[in-house]
Amino acid sequence: MRDRYIIKHIRLYGEEGFSEPNELALMISKEKIEDICPEGTETPEGWETMDGEGAYVIPGLIDCHNHLALDVELPGYLERMNHSETELAMIAFRTLQKDLASGVTTSRCMGDRNYLDVFCKNAIKNGMLEGPELFVAGIGMKASHGHGYVGLPFDGEDELIRAVRKNVFHGADWIKYFSTASTPMADRKRIQSFYSEGEIAAVINEAHRSGKKVTSHCIGGEALQNSVKHGIDCVEHIYFADEADIETLLAHHTPVCLTPTEYFADNENAPAGYHSNMVSYRQEVRANMERAIAAGIPFVLGTDGSHGKLWLEASLAVEFGAKPEEVLKAATERAARLLGIDQHTGKIQKGYDADLVLLKGNPLENIENLREVKAVYKKGALVTAAKKED
């Protein structure tokens with residue numbers, strides 16, 4: 001690892017957009033941004049100079065919703081969650097690499113089996129494993145009749161409180177519960193809340209007593225209203241949030257994590273009937289996403305199981321009406337604020353972590369340029385670089 005170097009010939013992202021070519025350079029010392037200096041600054045003795053080749057430099061991206069052992073590119077990816085710990089670990093090893101190579105330097109993992117996410121978080125911190133910095137939820141909690149392949153069943157306030165405490169004991173940063181399915185009931189009208197208001201309150205209160213933030217897999221309805229009422233810190237998905245739900249989220253300043261690719265990316269690996277059911281709701285979900293974004297709900301972005309494709313989530317957010325500037329902040333600065341790390345990451349600023357992505361094109365002109373990654377730096381170390389064309 002280079003200890004001290006200057007990256008020149010770049011366009012640097014800041015509050016006013018990108019700097020002019022050859023205007024500014026980045027000084028990196030070990031893991032931190034030492035300074036932002038004029039391009040013409042002489043390289044100090046003992047420092048190296050690196051050529052950014054005209055790249056657009058943004059902060060490292062933050063994926064606010066994924067599952068390490070869930071990869072939608074694998075056949076039967078949902079059923080695989082019931083396979084061996086060894087297989088799940090191998091999948092996680094692969095998805096961590098995909099995420100990092102795509103420019104994601106920080107991830108919020110929303111539940112994996114066997115505390116796999118906690119192990120990976122610690123392994124990355126200790127240098128045993130390469131991947132984004134992880135914030136983890138441990139074992140997701142779902143009702144016995146509830147939704148999901150990822151979580152495990154817990155019922156009643158006492159069981160849920162014990163589950164929260166066990167997650168805290170094992171090192172979870174967030175507490176996650178599944179309060180709804182991913183689609184409405186069969187009549188296409190009602191959204192069932194799998195947990196009672198008392199159960200939801202018990203989870204949130206116990207997590208907050210331990211200093212942990214709480215989120216929920218929740219598409220809208222009664223579960224969203226009860227969760228926000230009792231002080232939830234974030235809500236995942238909100239595919240079917242109606243006007244009343246949006247008003248509640250706005251009134252409580254509750255951020256949401258948008259993951260639209262589950263509905264809008266075609267996937268032949270989904271279980272029979274699962275994907276076609278999602279497709280049948282696309283028009284309705286699109287309208288709901290457009291309404292939420294237009295209302296100004298603060299949002300972050302997550303890939304769920306579409307590892308390496310945060311750019312696609314960002315593109316859909318723009319398609320639904322968000323400005324590229326807002327989407328880029330959602331995937332960096334705002335996400336860092338949600339995770340409580342905005343004092344040292346999420347921006348390109350003196351003293352901040354040197355988590356950087358060098359892009360071939362300007363994402364403010366075309367948000368899909370987020371997929372054109374030239375190089376990724378995590379805490380000052382070059383972790384991936386695109387091969388040069390002949």
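Each residue of the sequence shown is one higher than the one before, counting from 1 in full-length UniProt numbering.
Ideal placement from N, C-alpha and C gives every residue a C-beta, glycine not left out.
Leaving out the 5 sequence neighbours to the left and right, which residues in its chain are closer than 7 Å to residue i when beta-carbon positions are compared?
i, result
"residue 324", "318, 363, 364, 367"
"residue 39", "8, 22, 23, 24, 25"
"residue 264", "282, 316"
"residue 64", "108, 257, 300, 301, 302, 335, 338"
"residue 288", "239, 240, 241"
"residue 295", "246, 250"
"residue 145", "194"
"residue 31", "353, 354, 379, 380"
Starting from the C-beta of residue i, find all residues in its chain whose C-beta is less than 6 Å away, skip the five residues before and the five after it, and write them out in chain order.
i, result
"residue 239", "219, 285"
"residue 91", "69, 71"
"residue 202", "157, 160, 161"
"residue 372", "359, 360, 361"
"residue 50", "5, 7"
"residue 376", "103, 357, 383, 384"
"residue 207", "164, 175, 214"
"residue 131", "96, 100, 124"
Rounded to the nearest angstrom, what separates residue i and residue j at their Cα positions?
i, j, result
"residue 68", "residue 45", "43 Å"
"residue 107", "residue 234", "15 Å"
"residue 303", "residue 5", "33 Å"
"residue 169", "residue 385", "38 Å"
"residue 183", "residue 273", "13 Å"
"residue 301", "residue 3", "32 Å"
"residue 267", "residue 176", "26 Å"
"residue 124", "residue 164", "24 Å"
"residue 293", "residue 111", "26 Å"
"residue 311", "residue 100", "13 Å"
"residue 393", "residue 333", "Because the chain spans 1 through 390 in this model, residue 393 falls outside it and cannot be assessed."
"residue 37", "residue 43", "11 Å"
"residue 278", "residue 204", "30 Å"
"residue 116", "residue 213", "20 Å"
"residue 104", "residue 232", "25 Å"
"residue 93", "residue 86", "11 Å"
"residue 308", "residue 96", "9 Å"
"residue 76", "residue 19", "45 Å"
"residue 306", "residue 53", "30 Å"
"residue 62", "residue 355", "10 Å"
"residue 244", "residue 280", "23 Å"
"residue 276", "residue 349", "45 Å"
"residue 88", "residue 47", "42 Å"
"residue 147", "residue 133", "28 Å"
"residue 260", "residue 224", "18 Å"
"residue 369", "residue 298", "23 Å"
"residue 59", "residue 329", "9 Å"
"residue 229", "residue 199", "13 Å"
Checking the sheet assignment: what are the DSSP bridge partners for residue i?
i, result
"residue 217", "178, 236"
"residue 35", "27"
"residue 289", "In DSSP, residue 289 forms no bridge with anything."
"residue 107", "63, 134"
"residue 479", "This structure does not reach residue 479, given that the chain is present from 1 up to 390, and the question cannot be answered."
Got a sec? Which residues, its chain only, sit under 8 Å from residue i by beta carbon, not counting five neighbours each side?
i, result
"residue 344", "351, 352, 353"
"residue 79", "149, 271"
"residue 187", "none"
"residue 129", "93, 96, 120, 123"
"residue 56", "10, 11, 13, 18, 358, 359, 360, 361, 362, 363, 369"
Any idea if residue i is buried or exposed, counting beta-carbon neighbours within 10 angstroms, 16 or more meaning buried?
i, result
"residue 389", "At residue 389 the pLDDT is 48, less than 50, meaning the model places this residue with poor confidence; the figure from the coordinates comes in the next sentence. Exposed, since its Cβ has fewer than 16 Cβ neighbours within 10 Å."
"residue 185", "exposed"
"residue 83", "exposed"
"residue 215", "buried"
"residue 34", "buried"
"residue 140", "buried"
"residue 152", "exposed"
"residue 113", "buried"
"residue 321", "exposed"
"residue 15", "exposed"
"residue 121", "buried"
"residue 127", "exposed"
"residue 374", "buried"
"residue 209", "exposed"
"residue 217", "buried"
"residue 459", "Past the edges of the chain, shown from 1 to 390, lies residue 459, and the structure says nothing about it."
"residue 391", "For the chain, the structure presents residues 1 to 390; residue 391 sits outside this window and is missing."
At the 9 Å Cβ level, is residue i part of the contact set with chain D, yes or no?
i, result
"residue 51", "This model lacks chain D altogether; it includes just one protein chain."
Worksheet entry | Residue ranges of each beta strand (DSSP E) within the segment 57-102, 3 or longer | 61-66
Worksheet entry | Residue ranges of each beta strand (DSSP E) within the segment 296-345, 3 or longer | 299-301
Fill in: Residue ranges of each alpha helix (DSSP H) within the segment 135-162, 4 or longer
none
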